[in-house]
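The numbering used here puts the first residue of the sequence shown at 31, with every later residue one more than the last.
Here a beta-carbon is modelled for each residue, glycine too, at the ideal position from N, C-alpha and C.
To keep things clear, I will list the structure first and then write my remarks on it.
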Amino acid sequence: MPIQTSEIQLNVNGKEVNAYFASPENGGPGVLLLHAWWGLKPFFKQVCDRLAMQGFTVLAPDLRDGRIATTIDEAKALMEKSDSQFIENTIMAAKDHLRSRVKGKIGLVGFSMGAAWALTIASTASEQIGAVVLFYGNDDVDYGKVTAKVMGHYSDNDEWEPGEYVEKTFAEFKKAGVDATLYIYPGVAHWFVEEDRPEYDNASALLAWSRTYEFLRKNL
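Structure (C-alpha coordinates):
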(Lines of atoms letter the chains of each structure in order from A; the text may use other names.)
(Lines give C-alpha, C1' and ligand atoms only; values in the text may rest on other atoms or scores of the structure.)
Protein backbone atom coordinates (compact mmCIF):
# COMPACT_ATOMS: atom_id res chain seq x y z
CA MET A 31 0.00 0.00 0.00
CA PRO A 32 1.48 3.41 -0.99
CA ILE A 33 2.05 5.68 2.00
CA GLN A 34 3.08 9.27 2.60
CA THR A 35 5.48 10.31 5.36
CA SER A 36 6.65 13.62 6.77
CA GLU A 37 8.29 15.31 9.73
CA ILE A 38 5.96 17.78 11.39
CA GLN A 39 6.26 20.25 14.24
CA LEU A 40 3.93 20.41 17.21
CA ASN A 41 3.52 23.53 19.31
CA VAL A 42 3.92 22.55 22.96
CA ASN A 43 3.85 25.41 25.44
CA GLY A 44 5.29 27.71 22.79
CA LYS A 45 8.08 25.29 21.87
CA GLU A 46 8.33 23.34 18.61
CA VAL A 47 8.50 19.57 19.06
CA ASN A 48 9.17 17.22 16.17
CA ALA A 49 6.91 14.30 15.32
CA TYR A 50 6.94 11.67 12.58
CA PHE A 51 3.81 11.22 10.48
CA ALA A 52 2.93 8.28 8.21
CA SER A 53 -0.35 7.58 6.48
CA PRO A 54 -1.93 5.71 3.56
CA GLU A 55 -2.67 8.02 0.63
CA ASN A 56 -6.38 7.93 1.46
CA GLY A 57 -5.95 8.10 5.22
CA GLY A 58 -7.19 5.65 7.81
CA PRO A 59 -7.91 5.24 11.53
CA GLY A 60 -5.52 7.14 13.78
CA VAL A 61 -2.76 5.56 15.85
CA LEU A 62 -0.52 7.49 18.23
CA LEU A 63 2.83 5.73 18.65
CA LEU A 64 4.80 6.35 21.85
CA HIS A 65 8.43 5.29 21.71
CA ALA A 66 10.60 3.64 24.37
CA TRP A 67 13.15 5.54 26.46
CA TRP A 68 15.75 5.45 23.66
CA GLY A 69 14.06 8.30 21.81
CA LEU A 70 12.45 8.43 18.37
CA LYS A 71 15.06 6.19 16.77
CA PRO A 72 14.76 4.92 13.17
CA PHE A 73 13.13 1.66 14.30
CA PHE A 74 10.08 3.49 15.64
CA LYS A 75 9.72 5.46 12.41
CA GLN A 76 9.83 2.14 10.56
CA VAL A 77 7.02 0.89 12.79
CA CYS A 78 5.00 3.98 11.84
CA ASP A 79 5.57 3.16 8.17
CA ARG A 80 4.49 -0.44 8.67
CA LEU A 81 1.34 0.60 10.50
CA ALA A 82 0.58 3.03 7.67
CA MET A 83 1.01 0.18 5.18
CA GLN A 84 -1.60 -1.69 7.21
CA GLY A 85 -4.02 1.19 6.67
CA PHE A 86 -3.51 3.41 9.72
CA THR A 87 -2.70 7.11 10.00
CA VAL A 88 0.17 7.25 12.49
CA LEU A 89 1.85 10.01 14.48
CA ALA A 90 4.90 9.52 16.72
CA PRO A 91 5.96 12.54 18.82
CA ASP A 92 9.62 12.88 19.76
CA LEU A 93 9.63 12.69 23.56
CA ARG A 94 13.41 13.14 23.81
CA ASP A 95 13.86 16.44 21.93
CA GLY A 96 15.87 14.89 19.12
CA ARG A 97 18.23 12.92 21.36
CA ILE A 98 18.67 9.18 20.84
CA ALA A 99 20.27 6.79 23.32
CA THR A 100 22.06 3.69 22.07
CA THR A 101 22.93 2.17 25.46
CA ILE A 102 20.97 1.56 28.64
CA ASP A 103 23.18 4.02 30.55
CA GLU A 104 22.50 6.73 27.96
CA ALA A 105 18.78 6.00 28.14
CA LYS A 106 18.83 6.22 31.94
CA ALA A 107 20.58 9.58 31.71
CA LEU A 108 17.91 10.88 29.32
CA MET A 109 15.20 9.59 31.63
CA GLU A 110 16.71 11.37 34.64
CA LYS A 111 16.81 14.67 32.74
CA SER A 112 13.30 14.39 31.32
CA ASP A 113 10.42 16.67 32.27
CA SER A 114 7.39 14.45 32.84
CA GLN A 115 4.90 17.28 32.60
CA PHE A 116 6.34 18.48 29.29
CA ILE A 117 6.27 14.92 27.95
CA GLU A 118 2.61 14.59 28.91
CA ASN A 119 1.85 17.94 27.29
CA THR A 120 3.67 16.78 24.14
CA ILE A 121 1.67 13.57 23.98
CA MET A 122 -1.60 15.45 24.45
CA ALA A 123 -0.64 17.92 21.70
CA ALA A 124 0.21 15.00 19.40
CA LYS A 125 -3.09 13.33 20.25
CA ASP A 126 -5.02 16.47 19.39
CA HIS A 127 -3.11 16.94 16.13
CA LEU A 128 -3.74 13.36 15.09
CA ARG A 129 -7.43 13.57 15.93
CA SER A 130 -7.71 16.66 13.71
CA ARG A 131 -6.60 14.48 10.77
CA VAL A 132 -8.79 11.41 11.35
CA LYS A 133 -12.33 10.45 12.24
CA GLY A 134 -13.42 8.65 15.38
CA LYS A 135 -11.42 7.40 18.30
CA ILE A 136 -7.70 6.76 17.97
CA GLY A 137 -5.44 3.94 19.10
CA LEU A 138 -2.34 4.09 21.28
CA VAL A 139 0.69 1.87 20.71
CA GLY A 140 3.41 2.21 23.35
CA PHE A 141 6.77 0.58 23.96
CA SER A 142 8.20 0.27 27.49
CA MET A 143 8.25 3.91 28.70
CA GLY A 144 5.80 4.72 25.93
CA ALA A 145 3.48 1.95 27.12
CA ALA A 146 3.40 3.53 30.57
CA TRP A 147 2.43 6.83 28.97
CA ALA A 148 -0.19 5.08 26.84
CA LEU A 149 -1.88 3.83 30.01
CA THR A 150 -1.83 7.34 31.45
CA ILE A 151 -3.44 8.85 28.35
CA ALA A 152 -5.96 6.01 28.12
CA SER A 153 -7.13 6.85 31.64
CA THR A 154 -7.15 10.65 31.29
CA ALA A 155 -8.56 11.01 27.75
CA SER A 156 -10.62 7.84 27.67
CA GLU A 157 -13.45 9.22 25.55
CA GLN A 158 -11.00 9.74 22.67
CA ILE A 159 -9.19 6.38 22.81
CA GLY A 160 -10.59 3.20 21.25
CA ALA A 161 -7.68 0.76 21.54
CA VAL A 162 -4.42 0.49 23.47
CA VAL A 163 -1.48 -1.79 22.67
CA LEU A 164 1.22 -2.18 25.31
CA PHE A 165 4.64 -3.60 24.54
CA TYR A 166 6.54 -4.54 27.73
CA GLY A 167 5.59 -1.42 29.69
CA ASN A 168 3.32 -0.71 32.63
CA ASP A 169 2.14 1.90 35.11
CA ASP A 170 -0.35 2.33 37.93
CA VAL A 171 -3.38 4.30 36.73
CA ASP A 172 -7.05 4.64 37.56
CA TYR A 173 -8.09 1.48 35.73
CA GLY A 174 -11.77 2.28 36.12
CA LYS A 175 -11.33 5.30 33.84
CA VAL A 176 -9.98 3.22 30.95
CA THR A 177 -12.75 2.54 28.43
CA ALA A 178 -10.62 1.42 25.47
CA LYS A 179 -9.88 -2.20 24.74
CA VAL A 180 -6.36 -3.17 25.76
CA MET A 181 -3.83 -5.68 24.42
CA GLY A 182 -0.50 -6.35 26.13
CA HIS A 183 2.65 -8.11 24.90
CA TYR A 184 5.12 -9.15 27.61
CA SER A 185 8.01 -11.51 28.29
CA ASP A 186 7.75 -14.39 30.74
CA ASN A 187 11.08 -13.38 32.32
CA ASP A 188 11.49 -9.61 32.15
CA GLU A 189 13.81 -7.96 34.66
CA TRP A 190 12.29 -4.56 33.84
CA GLU A 191 8.63 -5.61 34.06
CA PRO A 192 8.20 -8.41 36.63
CA GLY A 193 5.49 -10.89 35.74
CA GLU A 194 3.61 -10.45 39.01
CA TYR A 195 3.31 -6.70 38.36
CA VAL A 196 1.99 -7.29 34.84
CA GLU A 197 -0.49 -9.90 36.06
CA LYS A 198 -1.66 -7.53 38.79
CA THR A 199 -2.28 -4.81 36.20
CA PHE A 200 -4.38 -7.07 34.01
CA ALA A 201 -6.25 -8.36 37.05
CA GLU A 202 -7.07 -4.73 37.87
CA PHE A 203 -8.31 -4.25 34.31
CA LYS A 204 -10.60 -7.25 34.70
CA LYS A 205 -11.83 -6.02 38.07
CA ALA A 206 -12.65 -2.63 36.50
CA GLY A 207 -14.53 -4.26 33.61
CA VAL A 208 -11.93 -3.35 30.99
CA ASP A 209 -11.70 -5.65 27.97
CA ALA A 210 -7.99 -6.49 28.26
CA THR A 211 -6.01 -9.31 26.66
CA LEU A 212 -2.58 -10.30 27.93
CA TYR A 213 -0.09 -12.24 25.82
CA ILE A 214 3.05 -13.70 27.41
CA TYR A 215 5.95 -14.66 25.15
CA PRO A 216 8.20 -17.40 26.57
CA GLY A 217 11.97 -17.25 26.39
CA VAL A 218 12.26 -13.62 25.32
CA ALA A 219 13.49 -10.47 27.04
CA HIS A 220 12.44 -6.83 27.29
CA TRP A 221 12.60 -5.01 23.90
CA PHE A 222 11.96 -8.29 22.07
CA VAL A 223 10.18 -6.61 19.13
CA GLU A 224 12.88 -4.00 18.48
CA GLU A 225 14.94 -5.18 15.53
CA ASP A 226 17.93 -3.01 16.39
CA ARG A 227 18.27 -4.53 19.87
CA PRO A 228 20.14 -7.74 20.77
CA GLU A 229 16.99 -8.86 22.61
CA TYR A 230 15.02 -9.00 19.36
CA ASP A 231 13.19 -12.27 18.78
CA ASN A 232 11.87 -12.61 15.24
CA ALA A 233 9.21 -15.28 15.79
CA SER A 234 7.72 -13.58 18.85
CA ALA A 235 7.83 -10.17 17.18
CA LEU A 236 6.01 -11.39 14.08
CA LEU A 237 3.32 -13.00 16.23
CA ALA A 238 2.92 -9.89 18.36
CA TRP A 239 2.56 -7.68 15.29
CA SER A 240 0.05 -10.01 13.67
CA ARG A 241 -2.07 -9.86 16.81
CA THR A 242 -1.65 -6.10 17.02
CA TYR A 243 -2.73 -5.39 13.45
CA GLU A 244 -5.85 -7.53 13.84
CA PHE A 245 -6.67 -5.89 17.18
CA LEU A 246 -6.36 -2.36 15.80
CA ARG A 247 -8.41 -3.15 12.69
CA LYS A 248 -11.17 -4.60 14.84
CA ASN A 249 -11.34 -1.78 17.36
CA LEU A 250 -10.67 1.41 15.38
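Practice problem: Could you tell me the distance, in whole angstroms, from the CA atom of residue 78 to the CA atom of residue 183? | Solution: When rounded, the distance between both Cα atoms is 18 angstroms.
Self-check item: Spatial distance of residue 163 from residue 144 (CA atoms)
Solution: Rounded to the nearest whole angstrom, the CA to CA distance from residue 163 to residue 144 is 10 angstroms.
Quiz item: Pick from 192, 35 and 219: whose alpha carbon is nearest that of residue 168?
Solution: For residue 168, the nearest C-alpha among the options comes from 192.
Quiz item: Taking the alpha carbon of residue 187 as the point to measure from, which residue in 200, 171, 170 and 221 has its own alpha carbon closest?
Solution: When each option's Cα is compared against that of residue 187, the closest is 221.
Quiz item: Do residue 208 and residue 176 have their C-beta atoms closer together than 9 angstroms?
Solution: Cβ distance < 9 angstroms, so residue 208 and residue 176 count as in contact.
Quiz item: Is the distance from the Cβ of residue 49 to the Cβ of residue 33 below 9 angstroms?
Solution: Not closer than 9 angstroms, so no.
Exercise. Please determine, among 107, 120 and 189, the residue with the shortest C-alpha to C-alpha distance to residue 91.
Key: When the alpha-carbon of residue 91 is set against those of 107, 120 and 189, the nearest one is in 120.
Quiz prompt | Completely contained alpha helix (DSSP H) runs for the stretch 123-201, where each covers 4 or more residues | solution = Runs of the alpha helix (DSSP H) inside the stretch 123-201: 143-154.
Self-check item: Residue range of the unbroken beta strand (DSSP E) whose run includes residue 87
Solution: Run containing residue 87: 87-91, per the beta strand (DSSP E) assignment.
Practice problem: Hey, could you find the ends of the beta strand (DSSP E) residue 74 is sitting in? | Solution: In the DSSP assignment, residue 74 falls outside any beta strand (DSSP E) and within the unbroken alpha helix (DSSP H) covering 72-83.
Quiz item: Considering only the beta carbon of each residue, do residue 141 and residue 223 sit closer than 9 angstroms?
Solution: The answer is yes: Cβ separation under 9 angstroms.
Exercise. Take residue 84 and list the residues in its own chain whose beta-carbon comes closer than 6 angstroms to its own, dropping the five residues that flank it on each side.
Key: Hits under 6 angstroms: 243.
Quiz item: Cα separation between residue 111 and residue 71?
Solution: Between residue 111 and residue 71, the C-alpha separation is close to 18 angstroms.
Practice problem: Mind the definition here: the stretch 55-68 touches the stretch 93-105 only if three or more C-beta pairs lie below 8 angstroms; say whether that holds. | Solution: Because the criterion of three Cβ pairs below 8 angstroms is met, the stretch 55-68 and the stretch 93-105 touch.
Practice problem: Go to residue 51, then tell me how far its beta strand (DSSP E) extends in each direction, as first and last residue. | Solution: Judged by DSSP secondary structure, residue 51 falls within the beta strand (DSSP E) whose first and last residues are 45-54.
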